[in-house]
Amino acid sequence: MKNKIQKIAYNSILVLFLTLNYSCSDELTERNEQFPQLNPANTDDLAGTWKTFLLTAPDEFSLDAPIATTAAAFTREINEIKSYQASVTPEQKKIIKYWSAGGVLRWNEIMRTLVARHNRPPYQNEDGTYPAPSAASPFANPEFPFSNPPYAARAYAYVSAAQYDAMIATWHYKKLYNRAAPFTVDATLPVLIPKSTLPSYPSEDAVLAGVTVELLKLLFPTEIAYIQEKAEEQKLYRIISGANVRSDVDAGIILGRKIAGKFIARAASDGTGAAIGNQALWTQLESQTAATGETPWKSLDVPARPPMLPLFGKVKSFLMTPEMVVASRPVPPPSTKSEQFAKELAEVKRYGQNATRKNMQIVTFWADGVGTYTPPGHWNAIASETFVALNYSEVRWARNLALLNIAMMDAAISCWDAKYTYFNPRPSQVDPSIKTLTGTPNFPSYVSGHSTFSGAASVVLSHLVPVKAQSFVAMAKEASDSRMFGCIHYRSDCEKGLELGEKVGGFAVARALIDGAE
Amino acid sequence: MKKFYLSCLLLAPLFINAQTEIDGIMMSKNNFCFGAVYQHSSWDEYWEGTFKRENLNLGTVSTKSITLNGNYGVSDNLNIIFSLPYVETKASAGTMEGQKGLQDLSLTIKYMPFEKTIGKATYSLYVLGGLSAPVSDYSADYLPLSLGLRSKTASLRLMGDYQRGRFFTTLSGAYVKRANITIDRDSYYTDEIHYTNEVDMPDAISVNYRIGYRSNRLIAEAVLDNWVTQSGGFDITKNNMPFPSNTMNALKVGVNTKYTLRKIPALSIIGGCNFVTQGRNVGQSNTFYGGLFYILNLKKTVQENEK
């Protein structure tokens, strides 16, 4: 009897532990690790003639002619590749696997990580005021930047637009100099990635590294070491894999840096630095709304926090003039004293009281709040996973992400313009008994940022990938609804936000029709 | 010989996690002890990494729970224990909605392979194997107001108990293996972005020390408990949101008592409290609990039925 019990006890504990070891495998399968090597079906040979954003011409910045492939110096460059290939380390194989999925794609992913890492509101001072991040002293508390949704939208747009212009210049020079790839010159050279039929000077990956590093230094100055490390990996990957020789890479970095300069100069004077406003402006926003008889927005943060980037609506757009921003502005929200408003407030309250698990899932899935890559980052992730399957050339990757991100920057500008024109309160401000299922953003309610971003993104993506239009529209609607289910927005905020997003997204679509790529 | 005839659950709840019976007492054969415990736990300061702070947008975060517990004596040295808490969370300030619902069911097999009395002293050793799993579809990714962390866990605890007269001391240590969880997002940030809805949960080690007085009528003990998350977790960065796979450590001190009624010896009352004194990425909780337990001798019932 005693033995039997002992046996049962030992066996139970043994079984328990075996189950445990089998059932708790910790390996995660991450989607971006499954991406295949980029092997474009269409190399977009004529992309050197596509319309640029800031460059006056694809050769606005000069690039020296390369040495001939018959030169002894070129042979030595091929020998460099061979010497790397003689012993490729597991770490180097990992780098090749990572970067060969595509340079535009990987830099976009890196940016999403940087945005998420810096998307944290400043912590209050002892006296209840808040310190502001400063580009001049980025390591001070709070670190610069606070990559909130408008900051992030602009950052994604600048990097994507600069990469696009840089790729146009790259395609131009590839065609102009027409220098053969190392594996074409030396047929015995093994190539570790799919062979491109394009001329290899300058290296598109190096141009991407050159242009992106410079912009990211500006946008995320505390991350320079991290960014440089990634760029070094990308350069190394091109040489070890046999896709480029050293001079392709060196030329690419130089060209990329020059082009970055043009975008950095524009960023310095686009109005973002002043978007935070000051106490006089914050007070004025409140009093001018109160003067109309409406309830002005109040921060629900404790201690009360100044409104997020009240002058972001004045930031210089890539595709919209200030007049177009005003012309696109949505009609005023329902008055807080109107029956319509009462109805919408009651609807929000109902969503809170009857929060289904399904609604909570939707709220969480689209929340993209503090510590995340923001709604524009979410749409970049959606776009990237769509584009991976379409096997674009690097120049088309850059173009499509530039159109998407410029549209979302315009969404941020237009949405913030509406928010600070109307300065209306969140549901929980009007009715404190309304509890929310996600954090209450620290800016006025009308119109919903998520809805505007999503409307713009779905319009652009539907144009670029028409077969998936239905799914993009459905996602945008769900993202928009999520803010109502989460009890932080009224129906008008969401519906008018989607409309506004679709309208400004239309400007990017109009540009897509004439940029030479379609 | 140590008498364990009327022993019952003394609970040392950690966070709001599955609770394991970790006292040096066994239910005797065919006895079934069951009961309910009400617990109130709250904090208004927490550790963001190692930085201790308050959050005026949360105010006081409180967790109330009612837990159903049972312990069946398969034999005098083999017990099977379960617990199932219903949990309600709330923040006193800010706009965030609290949560409520059933949390995790935990099952523990408690085995005493060794017990020896030398003179006035009794030495015993125990092995405890536990499993826990969520029983409702609550969201883990709603910290600090989520009902729990959702992770299926399996734990192995080794425990030694020494009793001399009515005074005793118990020391135990456990390794808690935690399974990956899935959340409602398809990407999330730890130190970089992970493009999956699956989260790798770090394992934990728990060390528990108790000392006190133990008789058939009354048990009173002081408890020191240390929960240390193993590698794979990460800190909440400045003014960021918490995440289920954060490193969550807590050092707690507390008191547990159990009193068995003289007139109804099958009924006992328990109560106690514990306080987090040091932590990392957890709230500095103060916890108070009380409950009732009743013991049935199932053998007797069976025999009566057979007659």
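Note that the protein sequences, when read in sequence, are chains A and B. Position 18, counted from 1, in the first sequence is what our numbering calls 685; the numbers after and before it change by one each time, with no gaps. Position 176, counted from 1, in the second sequence is what our numbering calls 198; the numbers after and before it change by one each time, with no gaps. The beta-carbon is built from N, C-alpha and C at its ideal position, and this holds for glycine as well.
Annotation: Ile227(B) has no Cβ neighbours in chain A at a cutoff of 7 angstroms; minimum Cβ distance is about 15 angstroms.
Contact check for Tyr316(B) and Ala288(B): beta-carbon distance about 6 angstroms, within the 8 angstroms limit, so the pair qualifies. Listed along the chain, the chain A residues whose CB falls inside 8 angstroms of the CB of Leu78(B) are Val969 and Pro970. Measuring C-alpha to C-alpha distances from Ala848(A) to each of Thr864(A), Pro963(A), His839(A) and Ile860(A) identifies Thr864(A) as the nearest.
The straight-line gap separating the alpha-carbon atoms of Leu314(B) and Asn1026(A) is approximately 38 angstroms.
For Lys280(B) and Gly92(B), the gap between their C-alpha atoms comes out near 16 angstroms. For Gly313(B), the enclosing beta strand (DSSP E) stretches over residues Asn308 to Asn319. Looking only at Lys1170(A), Gly940(A) and Ser1002(A), the smallest Cα-Cα distance to Trp964(A) is reached by Ser1002(A). With distances taken between CA atoms, Ile203(B) lies nearest to Pro156(B) out of Tyr211(B), Ser237(B), Lys274(B) and Pro156(B). Straight across, the Cα-Cα distance linking Phe189(B) with Gly234(B) is about 6 angstroms. Close partners of Glu697(A) in chain B (Cβ separation under 8 angstroms): His216, Tyr217 and Thr218.
Residues of the stretch 1025–1039 of chain A with a Cβ closer than 8 angstroms to any Cβ of chain B, in chain order: Met1027, Gln1028, Thr1031, Phe1032, Ala1034, Gly1036, Val1037, Gly1038 and Thr1039. The stretch 832–859 of chain A is shown to contain whole alpha helix (DSSP H) runs of 4 or more residues at 849–852, in chain order.
Distances from the CA of Leu1104(A) to each of Tyr840(A), Gly1164(A) and His1156(A) were compared; the closest alpha carbon is that of His1156(A).
Remark: C-beta atoms of Lys981(A) and Ala935(A) do not approach each other more closely than 9 angstroms. Ile131(B) and Ser63(B) have their C-alpha atoms some 27 angstroms from each other. Rounded to whole angstroms, the separation of the alpha carbons of Pro800(A) and Tyr790(A) is 11 angstroms. Rounded to the nearest whole angstrom, the CA to CA distance from Ala1034(A) to Ser290(B) is 48 angstroms.
Burial state of Arg284(B) is exposed, judged by a 10 Å Cβ sphere holding fewer than 16 other Cβ atoms. DSSP places Thr85(B) inside the beta strand (DSSP E), whose first and last residues are Val83 to Ser97. At least one CB of chain A lies nearer than 9 angstroms to the CB of Phe265(B). A distance of 9 angstroms or more separates the beta carbons of Ser870(A) and Asn815(A). Under the 9 angstroms criterion on CB atoms, Gly1164(A) is classed as non-interfacial with respect to chain B. Under the 8 angstroms Cβ criterion, the stretch 1166–1180 of chain A counts as touching the stretch 1081–1090 of chain A, having at least three qualifying pairs.
Here the alpha carbons of Pro977(A) and Ile835(A) stand approximately 35 angstroms from one another.
Distance between Gly293(B) and Asn278(B), taken at the CA atoms: about 6 angstroms.
Within the stretch 1093–1106 of chain A, Ser1095, Lys1102, Thr1103 and Leu1104 place their CB atoms closer than 7 angstroms to a CB of chain B, listed in sequence order.
In terms of CA proximity to Ala1074(A), Ala1175(A) leads the group Ala1175(A), Cys1154(A) and Val998(A). Closest in C-alpha terms to Arg207(B), from the list Glu697(A), Thr719(A) and Ala1079(A), comes Glu697(A).
Per DSSP, Leu106(B) lies in no alpha helix (DSSP H) segment; the continuous beta strand (DSSP E) that holds it begins and ends at Leu100 to Ala113.
When DSSP states are grouped into helix, strand and coil, Lys1016(A) belongs to the helix group. In this structure the stretch 716–730 of chain A touches the stretch 921–936 of chain A; the number of beta carbon pairs closer than 8 angstroms is three or more. Note on geometry: alpha-carbon atoms of Phe265(B) and Lys142(B) lie some 50 angstroms from one another. Rounded to whole angstroms, the gap between the alpha carbons of Ile891(A) and Gln121(B) is 41 angstroms. Taking the Cα of Asp213(B) as reference, the smallest distance to any Cα among Tyr133(B), Thr191(B) and Thr269(B) is reached at Thr269(B). Taking the Cα positions, Ser908(A) is about 27 angstroms away from Ala1048(A).
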